[in-house]
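Chemist: Numbered continuously in numbering that gives the first Met the number 0, the sequence shown closes out at residue 120. All C-beta atoms, glycine included, are put in the ideal place defined by N, C-alpha and C. Take this structure first; my questions come after.
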Amino acid sequence: MNGSVFVNFPFIVVAVLLALGFYTIGFKRNLIKVVIGVEILEGAVNMFIVALGYVKGGYAPIYTQAPPEAAGKMVLPTPQALTLTSIVIGVAVTALMLAFAVNIYKHYGTLDVTKIRRLRG
């Protein structure tokens with residue numbers, strides 16, 4: 000089998016997850032499903048950042064444990080740090096969205112977006 004398929008596989012998965020996340024946000028009416036769609040998008044973006052930082056045969060960016068031949072093959076730590084930061088921010092955003100969903104449910108008695116729009120007031 001062609002090796003280029005395996006190289007592009009993470010990007011194909013990212014594209015599928017992005018499409019699924021946008022579909023969920025755009026076409027689902029339940030607020031919890033919309034939150035799940037946002038989480039799918041977050042996972043796709045994190046996977047994209049990690050896939051961009053991947054180096055075949057690369058070494059972890061820990062200089063104290065690196066072998067001498069790792070001089071030019073170190074993996075950049077920036078994508079990993081950005082991904083960890085994104086995960087922490089994503090958890091906070093998810094908690095905020097779920098808190099809004101709980102308050103909307105308490106106020107309107109439903110999580111359906113179309114019914115909430117009709118019940119303004």
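1) Relative to the C-alpha of residue 96, which candidate in 33, 10, 27, 15 has its C-alpha closest?
2) Within the same chain, show all residues whose beta-carbon is closer than 8 angstroms to that of residue 35, passing over the 5 residues directly before and after it, in chain order.
3) Measuring straight from C-alpha to C-alpha, what distance separates residue 100 and residue 48?
4) With DSSP as the reference, label residue 104 as helix, strand or coil.
5) Among the candidates 57, 31, 26, 58, whose CA atom is the shortest distance from the CA of residue 109?
6) At the level of alpha carbons, what is the spacing between residue 84 and residue 57?
7) Ignore the nearest five residues each way along the sequence and tell me which others in residue 21's own chain have a CB closer than 8 angstroms to its CB.
8) Within 10 angstroms of its Cβ, does residue 16 collect 16 or more other Cβ (buried), or is it exposed?
9) Taking 8 angstroms as the threshold (C-beta atoms), are residue 66 and residue 76 in contact?
Modeler: Taking the geometry as given:
1) Your numbering for residue 96 matches position 97 in the sequence shown. The option with the nearest alpha carbon to residue 96 is 33.
2) In the sequence shown, the residue the question calls residue 35 occupies position 36. Residues of the same chain with a CB within less than 8 angstroms of the CB of residue 35, apart from the 5 flanking positions on each side, are 23 in chain order.
3) Numbered from 1 along the sequence shown, position 101 holds the residue referred to as residue 100. Numbered from 1 along the sequence shown, position 49 holds the residue referred to as residue 48. Answer to the nearest angstrom: the Cα atoms are 29 angstroms apart.
4) Here residue 104 refers to the residue found at position 105 when the sequence shown is read from its first residue. In the structure shown, residue 104 sits in a helix (DSSP, three-state: H, G or I).
5) To locate residue 109, count along the sequence shown from 1; it is residue 110. The option with the nearest alpha carbon to residue 109 is 31.
6) As a position in the sequence shown, residue 84 is number 85, starting the count at 1. As a position in the sequence shown, residue 57 is number 58, starting the count at 1. Residue 84 and residue 57 have their alpha carbons spaced roughly 22 angstroms apart.
7) Here residue 21 corresponds to residue number 22 of the sequence shown, with the count starting at 1. Answer for residue 21: 36, 40, listed in chain order.
8) For the purposes of this step, residue 16 is identified with residue 17 of the sequence shown, where counting begins at 1. Buried is the call here.
9) For the purposes of this step, residue 76 is taken as the residue at position 77 of the sequence shown. For the purposes of this step, residue 66 is taken as the residue at position 67 of the sequence shown. Residue 76 is not a Cβ neighbour of residue 66, given a cutoff of 8 angstroms.
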